[in-house]
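K.L.:
In my numbering, the protein residues as written are 20 to 513. Each residue gets a CB set at the ideal place from its N, CA and C atoms; glycine is no exception.
#1: Buried or exposed for residue 43, going by 16 or more other Cβ atoms inside 10 Å?
#2: Under the three-state reduction of DSSP, which class applies to residue 288: helix, strand or coil?
#3: For residue 290, which of 257, 279 and 272 has the nearest alpha-carbon?
#4: In the DSSP assignment, find the unbroken beta strand (DSSP E) run with residue 359 in it and report its ends.
#5: Less than 8 Å between the beta carbons of residue 492 and residue 508, yes or no?
#6: Roughly how many angstroms lie between the CA atoms of residue 221 and residue 473, to the nearest whole one?
#7: Is it true that the region 295-305 meets the region 265-283, where meeting means three or more beta-carbon pairs spaced less than 8 Å apart?
#8: Tell me whether the beta-carbon of residue 135 lies closer than 8 Å to the beta-carbon of residue 149.
#9: Can you tell which of 93, 207, 255 and 202 has its C-alpha closest to the C-alpha of residue 486?
#10: Smallest Cα separation from residue 250: which of 331, 281 and 91?
#11: Counting only runs of 3+ residues fully inside the region 424-484, write out the beta strand (DSSP E) ranges in chain order.
#12: Exposed or buried, what is residue 238 when buried is set at 16 or more other beta-carbons lying within 10 Å of its beta-carbon?
#13: Could you check the C-alpha separation between residue 453 and residue 241 for me, to the nearest Å?
#14: Would you mind reading off the limits of the alpha helix (DSSP H) that contains residue 200?
#15: For residue 234 and residue 438, what's the separation of their Cα atoms in angstroms?
#16: Taking buried to mean at least 16 other C-beta atoms within 10 Å of its own C-beta, is residue 213 buried or exposed?
#17: Could you pull the start and end residues of the beta strand (DSSP E) that residue 393 belongs to?
#18: Between the Cα of residue 153 and those of 277, 97, 88 and 440, spot the shortest distance and give me the residue it belongs to.
#19: Is the region 334-344 in contact with the region 307-325, if contact means three or more CB pairs nearer than 8 Å?
#20: Mind checking whether residue 494 and residue 112 have CB atoms under 8 Å apart?
#21: Sort out for me which residues DSSP pairs residue 115 with in a bridge.
#22: Whole angstroms is fine: what's the gap from residue 355's alpha carbon to residue 164's?
#23: Look at the Cβ atom of residue 451, then the Cβ atom of residue 499, and state whether they are nearer than 8 Å.
#24: Below 8 Å CB to CB, which residues in the same chain sit around residue 400 once its five sequence neighbours on both sides are set aside?
#25: Ignore the nearest five residues each way along the sequence and tell me which others in residue 54's own chain have a CB closer than 6 Å to its CB.
#26: Are there 16 or more other CB atoms within 10 angstroms of the CB of residue 456, so buried, or fewer, so exposed?
#27: DSSP on residue 300, reduced to helix/strand/coil?
#28: Might you give, ordered along the chain, the residues of its own chain that have their beta carbon closer than 6 Å to the beta carbon of residue 435, omitting 5 neighbours on each side?
#29: Under the DSSP definition of a beta bridge, which residues are partnered with residue 120?
#30: Roughly how far, in whole angstroms, is the beta-carbon of residue 161 from the beta-carbon of residue 126, given that I think they are within contact range, below 8 Å?
#31: Could you round the C-beta distance between residue 372 and residue 342 to whole angstroms and report it? I think they count as a contact, below 8 Å.
#32: What whole-angstrom Cβ distance do residue 278 and residue 299 have, given they're in contact under 8 Å?
#33: Under a three-way DSSP split, which group does residue 402 fall into?
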């Protein structure tokens with residue numbers, strides 16, 4: 020497969036220094052592979068301006084103003100790095116301006132954090148946009164993000180390309196051939212508009228968590244024209260409008276993305292525009308697939324939009340699993356004309372529009388009935404009126420318990436859990452579609468799943484797309500519904 024590997028592959032062979040050291044044990048010599056370094060090491064005192072080279076493993080850096088990665092330069096952030104944005108004010112939202120290539124190479128054991136001062140890491144601040152995010156120019160290189168937490172972003176910075184944006188990540192690429200956006204095993208926590216917007220380029224968006232996205236408008240993963248690739252095994256919880264969305268808007272080549280095995284929980288309840296809120300949708304000339312998705316207590320089910328019309332003849336969708344503990348969600352499982360949709364039930368859907376509480380997915384540690392139905396039936400509902408169990412995962416990380424103010428603000432949430440793995444007896448286990456291809460309604464297009472259009476991880480390309488076990492590759496359709504697979508190959512976030 021021929022693909023533009025951008026600056027990434029051009030430098031890959033330079034990034035694998037191997038040091039052989041003697042060892043006194045009977046096991047013989049050991050091979051030690053230190054974290055790769057691109058260019059010069061960056062000192063801990065770098066606070067703003069042009070950056071290139073490598074932020075070193077385990078170090079903490081401070082960001083007082085924009086970090087600018089110039090065209091032709093690469094910024095590599097090693098595992099365990101923390102970047103603290105501390106220059107934010109009402110008129111200054113520091114951001115990464117990416118004209119070159121940016122690589123965040125965290126690991127499960129030592130993730131990267133790009134965040135704010137500890138005193139500001141509160142639930143109340145999730146919608147305040149305390150820094151300007153990662154903003155890529157239309158002619159940037161690749162953006163690679165692995166095992167990285169992006170927290171409290173979405174402030175409208177100076178941005179690049181089209182003026183001040185309020186996205187945590189804006190990847191846009193109109194090059195020919197295109198650049199690559201690879202994001203794996205990462206988190207976006209809090210936003211003010213779309214947490215992630217992609218316009219042009221090749222994409223592999225796998226096994227991520229999107230939580231508490233945007234206030235009154237915004238999709239968790241908003242994909243515009245010119246994008247091709249895969250988005251699967253992601254958890255979207257508490258997004259304002261939709262979780263993932265496809266729209267062929269922007270004047271580039273036709274959007275074509277595979278959406279499969281995603282879990283969407285309590286999405287769509289804050290959007291104030293009416294007729295667009297839901298869980299996931301395809302619209303405005305875009306095409307792609309929607310398979311094996313779990314849709315839990317969202318304002319609506321999957322929407323195949325008729326105004327502006329999607330490329331419906333070449334959109335393949337089936338095997339949606341829907342659960343509703345409230346009348347609104349149940350009535351909107353197939354949104355139809357009331358919500359600008361033209362989708363129809365598919366033979367393998369599990370979406371009951373008459374029996375409330377049907378098809379409980381049986382999560383290992385998340386109560387789908389914990390939030391009263393009366394709360395869900397209020398639409399649109401303001402952020403401040405929502406129960407945090409609708410918006411964030413309850414978890415701890417390497418820094419300890421998140422959201423220091425949560426227990427004081429919402430005492431009822433002290434005992435809730437957020438384990439979205441499936442119990443062994445779940446009806447979602449082993450009943451999803453796992454074939455390697457799907458055929459669109461026109462019968463003219465057979466789609467390979469995954470598309471796997473981005474560079475894959477290999478010995479000579481350590482930053483390509485990889486499976487959950489670290490090997491090169493992109494996982495296809497999972498046999499279980501949703502993002503978490505019982506064989507351990509899906510989402511890894513607890």
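P.N.:
Here's the rundown:
#1: For the purposes of this step, residue 43 is taken as residue 24 along the chain shown, with counting starting at 1. With a pLDDT of only 37 at residue 43, under the threshold of 50, the placement of this residue in the model should not be trusted; the figure read from the coordinates follows. When all chains shown are included, residue 43 counts as exposed.
#2: Start at 1 with the first residue of the chain shown, and residue 288 comes out as number 269. If DSSP states are grouped into helix, strand and coil, residue 288 belongs with coil.
#3: One-based indexing of the chain shown puts residue 290 at position 271. With distances taken between Cα atoms, residue 290 lies closest to 257.
#4: Taking the chain shown and counting its residues from 1, one reaches residue 359 at position 340. Careful: residue 359 lies outside any beta strand (DSSP E) and carries neither H nor E.
#5: Your numbering for residue 492 matches position 473 in the chain shown. Your numbering for residue 508 matches position 489 in the chain shown. The answer is no: Cβ separation not under 8 Å.
#6: Reading the chain shown from its first residue, position 202 is the one you call residue 221. Reading the chain shown from its first residue, position 454 is the one you call residue 473. Straight-line Cα distance between these residues: approximately 6 Å.
#7: yes
#8: As a first step, residue 135 is located in the chain shown; it is residue number 116 there, counting from the start. As a first step, residue 149 is located in the chain shown; it is residue number 130 there, counting from the start. A contact, by the Cβ cut-off of 8 Å.
#9: Position 467 of the chain shown, counted from the start, is the residue given in the question as residue 486. Measuring from the Cα of residue 486, the nearest candidate turns out to be 202.
#10: As a first step, residue 250 must be located in the chain shown, where it is residue number 231. Looking at the Cα atoms, 281 is the closest of the given residues.
#11: 438-441, 456-458 and 465-467
#12: For this step, residue 238 is matched to residue 219 along the chain shown. Residue 238 should be labelled buried.
#13: Taking the first residue of the chain shown as position 1, residue 453 is located at position 434. Taking the first residue of the chain shown as position 1, residue 241 is located at position 222. Taking the straight line from one Cα to the other gives about 26 Å.
#14: If you number the chain shown from 1, residue 200 lands on position 181. Run containing residue 200: none in the alpha helix (DSSP H); it sits in the beta strand (DSSP E), 199-203.
#15: Your numbering for residue 234 matches position 215 in the chain shown. Your numbering for residue 438 matches position 419 in the chain shown. If you take the alpha carbons of residue 234 and residue 438, they lie about 25 Å apart.
#16: Stepping through the chain shown from its first residue, residue 213 is reached at position 194. Burial call: buried.
#17: Within the chain shown, numbered from 1, the residue matching residue 393 stands at position 374. Looking at the DSSP string, residue 393 is not in any beta strand (DSSP E); the run it does join, the alpha helix (DSSP H), is 392-395.
#18: Against the chain shown, residue 153 aligns to sequence position 134. Checked all of 277, 97, 88 and 440; the closest Cα to residue 153 is 88.
#19: yes
#20: Taking the first residue of the chain shown as position 1, residue 494 is located at position 475. Taking the first residue of the chain shown as position 1, residue 112 is located at position 93. Not in contact: residue 494 and residue 112 (Cβ atoms no closer than 8 Å).
#21: For the purposes of this step, residue 115 is identified with residue 96 of the chain shown, where counting begins at 1. 86 and 153.
#22: Position 336 of the chain shown holds residue 355. Position 145 of the chain shown holds residue 164. One C-alpha to the other measures close to 37 Å.
#23: The sequence position of residue 451 within the chain shown is 432, counting from 1. The sequence position of residue 499 within the chain shown is 480, counting from 1. Yes. Within cutoff.
#24: As a working note, residue 400 is residue 381 in the chain shown. These residues qualify, in order along the chain: 288, 289 and 394.
#25: Locating residue 54 in the chain shown gives position 35, counting from the first residue. Excluding sequence neighbours, residue 54 sits near 76 and 97.
#26: Here residue 456 corresponds to residue number 437 of the chain shown, with the count starting at 1. Exposed, by the Cβ-count rule.
#27: To locate residue 300, count along the chain shown from 1; it is residue 281. Note: residue 300 maps to strand in three-state DSSP.
#28: Position 416 of the chain shown, counting from 1, holds the residue named residue 435. Hits under 6 Å: 408 and 413.
#29: Counted from its first residue, the chain shown places residue 120 at position 101. Looking at the DSSP assignment, residue 120 forms a beta bridge with 93.
#30: Here the question's residue 161 lines up with position 142 in the chain shown. Here the question's residue 126 lines up with position 107 in the chain shown. With a Cβ gap of about 19 Å, residue 161 and residue 126 do not count as contacting.
#31: Reading the chain shown from its first residue, position 353 is the one you call residue 372. Reading the chain shown from its first residue, position 323 is the one you call residue 342. Not really, about 12 Å apart at Cβ, beyond 8 Å.
#32: Here residue 278 corresponds to residue number 259 of the chain shown, with the count starting at 1. Here residue 299 corresponds to residue number 280 of the chain shown, with the count starting at 1. 6 Å between Cβ atoms; contact.
#33: Residue 402 sits at position 383 when you count from the first residue of the chain shown. The answer is helix: DSSP assigns residue 402 an H, G or I state.
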